[in-house]
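Chains A and B are the protein sequences, given in the same order. Sequential numbering from 78 applies to the first sequence in the working numbering. Sequential numbering from 33 applies to the second sequence in the working numbering. Every residue gets a Cβ at the ideal spot worked out from N, C-alpha and C, and that includes glycine.
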Amino acid sequence: MGPIGLVFLVVMFLFGIIGIVRGVAKELGVTIMLLAALMVLQLMDTMFKTRITQLLNQVFGVPTSSVPTFLAIFSAIFLMVITFISYQGVTLVYPIKSTSWFLGLGIGLINGYLFAGSMWYYLQTAGWPLLHSVIKPEYNEITQNIMKLLPPAIFSWQALLLMVVALLILRVWK
Amino acid sequence: MSVTFLVFLAIVWGSFGLWGYLRGWKAALVMLVLIVGSLLALAIAPNQVKQIFDYFNKAVGLMTGGTKPLINTAPSSLVVFLLNGAVIFGFLLGLLKIFRAKSTFMGFLIGFINGYLYTAYMLAALFPQRAILPLPIKIPGLSTVSLSTAAASPPSAGLPGTFASYLEQILKMPCLPTAVVAGVFLFILLTVLLGNRGGGGGGGGGGGRKG
């Protein structure tokens, strides 16, 4: 596995540790926020890409060839902001009694996968802006196969919508 | 075949055994029942199992409009799919409180048997030239090789190499993306449902809390 894959695993591991420390109740609040953010991005990519391309092209004069890069950078920044909001300040908490470290670790790792995996995907699509002179993405076969499993590559907006709705129902359901 | 390959097998068996010891014999037994059940289904009625997956592939194809089958229905692929499904499902079921028991040697032993069955069939399905472990349940399309044949096969690239090639085979499975999405969803759902039953102080109550 190359250095980028290693960074991805380290970030995922860090999120796992954070999950153990913060507890499963708080981590689930972050999960739902990340899923909702990804849903918005996937929806934008699937349904409004043409309109956004036209808007960027005609209003801001962004060349059509640069639009995918522009959108990928926007997606990465959007995800970072949402993740920061999810962890900082007043957060969404699930009414869960369990303090199991295992569940905290599991949900933390899922959050890490959703965040780090999506960042990897979007930065890769954007061509590693500001880092393109440092990062030379020559991936081996395993890394290439892992890249096919990054969240934006496998989660459709329909699946994300189903997850977000199910999690919201479980949040209010007694 | 090399010593590192045997070390790799020992690590997998030990991990299964350790899990059985930590969770208790009931959780290990649930996994064993699921593994044996899925193997028996493939041994007794392979065509029916294949047909079920064919129907599933057709249904997915109709919904997504794709022509490529989601799950490969070759015997080796079905073994990999069902065996991994049984292990993951058994692991999740083992987290339920009703399947919890004291840490005993019996749990380790059943966990060890789970590990043996898992590696024996996965080797036969993914690395037929290294399938040295006898298969207690005969499945059409799967076979083992003798120690001398396995010894004559080209040496593996050490423990990391064995693990890497094993990982590579799993990562190439066409159903893996769907399995990851379903796995993430199921784990979150199970966490919410199990967490509500769990003891301890923790997070109860309402919405806004300081992160």
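Is it true that the CB of residue j sits closer than 8 Å to the CB of residue i?
i: leucine 71 (chain B); j: tyrosine 153 (chain B); result: yes
i: leucine 227 (chain A); j: tryptophan 197 (chain A); result: yes
i: methionine 257 (chain A); j: valine 241 (chain A); result: Because residue 257 (chain A) is not part of the residues shown, which for chain A are 78 to 251, the question remains open.
i: glycine 96 (chain A); j: leucine 156 (chain A); result: no
i: glycine 143 (chain B); j: valine 62 (chain B); result: no
i: glutamate 200 (chain B); j: asparagine 134 (chain A); result: no
i: leucine 120 (chain A); j: threonine 160 (chain A); result: no
i: leucine 174 (chain B); j: valine 111 (chain B); result: yes
i: glycine 79 (chain A); j: tyrosine 190 (chain A); result: no
i: proline 145 (chain A); j: threonine 220 (chain A); result: no
i: alanine 153 (chain A); j: valine 88 (chain A); result: no
i: serine 163 (chain A); j: leucine 226 (chain B); result: no
i: tryptophan 57 (chain B); j: alanine 106 (chain B); result: no
i: isoleucine 231 (chain A); j: threonine 108 (chain A); result: no
Under 7 Å Cβ-Cβ, which residues of chain B neighbour residue i?
i: alanine 254 (chain A); result: A query on residue 254 (chain A) cannot be resolved here, the shown segment of chain A reaching from 78 to 251 and no further.
i: isoleucine 231 (chain A); result: Pro209, Val212, Val213
i: valine 101 (chain A); result: Thr223, Gly227
i: leucine 156 (chain A); result: The contacting residues do not exist; leucine 156 (chain A) stays about 17 Å from chain B at best.
i: tyrosine 199 (chain A); result: What tyrosine 199 (chain A) touches in chain B: nothing, since even the nearest Cβ is about 18 Å away.
Whole angstroms is fine: what's the gap from residue i's alpha carbon to residue j's?
i: alanine 118 (chain B); j: valine 81 (chain B); result: 15 Å
i: leucine 91 (chain A); j: threonine 130 (chain A); result: 36 Å
i: leucine 155 (chain B); j: arginine 162 (chain B); result: 7 Å
i: valine 84 (chain A); j: tyrosine 199 (chain A); result: 15 Å
i: phenylalanine 137 (chain A); j: leucine 207 (chain A); result: 22 Å
i: cysteine 209 (chain B); j: proline 229 (chain A); result: Here the sequence assigns proline to residue 209 (chain B), which means cysteine is not the residue at that position. For proline 209 (chain B) and proline 229 (chain A), the distance between alpha carbons rounds to 11 Å.
i: valine 139 (chain A); j: tryptophan 205 (chain A); result: 19 Å
i: valine 158 (chain A); j: tryptophan 178 (chain A); result: 27 Å
i: leucine 203 (chain B); j: alanine 211 (chain B); result: 11 Å
i: alanine 214 (chain B); j: tryptophan 250 (chain A); result: 22 Å
i: glycine 46 (chain B); j: phenylalanine 40 (chain B); result: 10 Å
i: isoleucine 169 (chain B); j: isoleucine 76 (chain B); result: 10 Å
i: alanine 91 (chain B); j: methionine 138 (chain B); result: 43 Å
i: isoleucine 81 (chain A); j: asparagine 79 (chain B); result: 44 Å
i: alanine 243 (chain A); j: valine 216 (chain B); result: 13 Å
Within 10 angstroms of its Cβ, does residue i collect 16 or more other Cβ (buried), or is it exposed?
i: tyrosine 87 (chain B); result: exposed
i: threonine 151 (chain B); result: buried
i: proline 172 (chain B); result: exposed
i: arginine 55 (chain B); result: buried
i: threonine 141 (chain A); result: exposed
i: arginine 99 (chain A); result: buried
i: glycine 166 (chain A); result: exposed
i: asparagine 146 (chain B); result: buried
i: alanine 127 (chain A); result: Here residue 127 (chain A) turns out to be threonine, not alanine, going by the sequence shown. Per the 10 Å Cβ criterion, exposed.
i: alanine 42 (chain B); result: exposed
i: glycine 93 (chain A); result: buried
i: glycine 231 (chain B); result: Residue placement at glycine 231 (chain B) is poorly supported in this model, since its pLDDT is 47, which falls under 50; the coordinates still yield a value, given next. That one is exposed.
i: leucine 94 (chain B); result: exposed
i: leucine 115 (chain B); result: buried
For a contact defined as C-beta to C-beta under 7 Å, what are the partners of residue i on chain A?
i: isoleucine 196 (chain B); result: The sequence given here has alanine at residue 196 (chain B), not isoleucine. Under the 7 Å cutoff, chain A gives Ile219.
i: phenylalanine 219 (chain B); result: Gly183, Ile187
i: valine 216 (chain B); result: Ile187
Ignore the nearest five residues each way along the sequence and tell me which others in residue i's own chain have a CB closer than 7 Å to its CB.
i: tyrosine 171 (chain A); result: Ala102, Leu105, Gly106, Arg248
i: cysteine 207 (chain B); result: Leu102, Ile103, Phe113
i: leucine 180 (chain A); result: Val101
i: alanine 157 (chain B); result: Ser108, Val111, Val112, Leu174
i: alanine 73 (chain B); result: Val81
i: serine 233 (chain A); result: Gln119
i: phenylalanine 147 (chain A); result: Leu133, Val139
i: phenylalanine 85 (chain B); result: Ile103, Thr105, Leu110
For residue i, return the contacting residues in chain B, with the cut-off set at a CB-CB distance below 8 Å.
i: leucine 124 (chain A); result: What sits at residue 124 (chain A) in the sequence shown is methionine, not leucine. Here the premise fails: no neighbours, minimum Cβ distance about 17 Å.
i: leucine 226 (chain A); result: Leu203, Leu208, Pro209, Val212
i: asparagine 222 (chain A); result: Glu200, Leu203, Lys204
Go through its chain and collect everything with a Cβ distance to residue i's Cβ below 6 Å, but skip five positions before and after it.
i: phenylalanine 140 (chain B); result: Gly49, Gly52, Tyr53
i: alanine 59 (chain B); result: Gly126, Phe131
i: glycine 238 (chain B); result: Any reading at glycine 238 (chain B) is ruled out, since the residue's pLDDT is 42, under 50, leaving its predicted position unreliable.
i: alanine 149 (chain A); result: Tyr199, Thr202, Ala203
i: glycine 233 (chain B); result: Any reading at glycine 233 (chain B) must be qualified, since the residue scores a pLDDT of 41, below 50, and its modelled position is unreliable; no value is offered.
Suppose the cutoff is 8 Å on Cβ atoms and the five residues either side in sequence are ignored; what does the same chain contact list for residue i look like?
i: tyrosine 124 (chain B); result: For clarity, residue 124 (chain B) is leucine in the given sequence; the question names tyrosine instead. Contacts found: Leu218, Phe219, Leu222.
i: threonine 136 (chain B); result: Tyr53, Gly56, Trp57
i: leucine 173 (chain A); result: Checking the displayed sequence, the identity of residue 173 (chain A) turns out to be isoleucine instead of leucine. Taken in chain order, the residues that qualify are Val101, Ala102, Leu105.
i: proline 166 (chain B); result: Ala152, Thr176
What residues of chain A sit near residue i, judged by a beta carbon separation below 9 Å?
i: valine 62 (chain B); result: Those within 9 Å of valine 62 (chain B) in chain A number zero; the least Cβ separation is about 17 Å.
Would you mind telling me which residues of chain B sit closer than 9 Å to residue i, beta carbon to beta carbon, in chain order?
i: leucine 254 (chain A); result: Residue 254 (chain A) lies beyond the stretch modelled for chain A, which goes from 78 to 251, so this question has no answer here.
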